[in-house]
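So the sequence shown is numbered by full-length UniProt numbering: it starts at 1 and just counts up by one. Using N, Cα and C, we set each Cβ at its ideal position, and we do this for glycine too. Quick caveat: nothing in here was measured; it's all calculated off a predicted structure. The structure appears below as structure tokens.
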Amino acid sequence: MSEILSFCRRRNLRYGIGSACIGGGQGIAILFQNVD
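Shown next, in the form of structure tokens:
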């Protein structure tokens, strides 16, 4: 997740999203907002 935050800061992006496969048809996603 820290790579997403670093990428957003370098590119001056407002939002970034990360996802992970848990297995068994499950997953999770998280949306980051750059407030700088």
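- Taking each of I17, R9, S2 in turn and checking the Cα distance to L31, the smallest one comes out for I17.
- Secondary structure of L13 (DSSP, three-state): coil.
- Counting only residues of its own chain and dropping the five nearest sequence neighbours on each side, M1 has a CB closer than 6 Å to the CB of G18.
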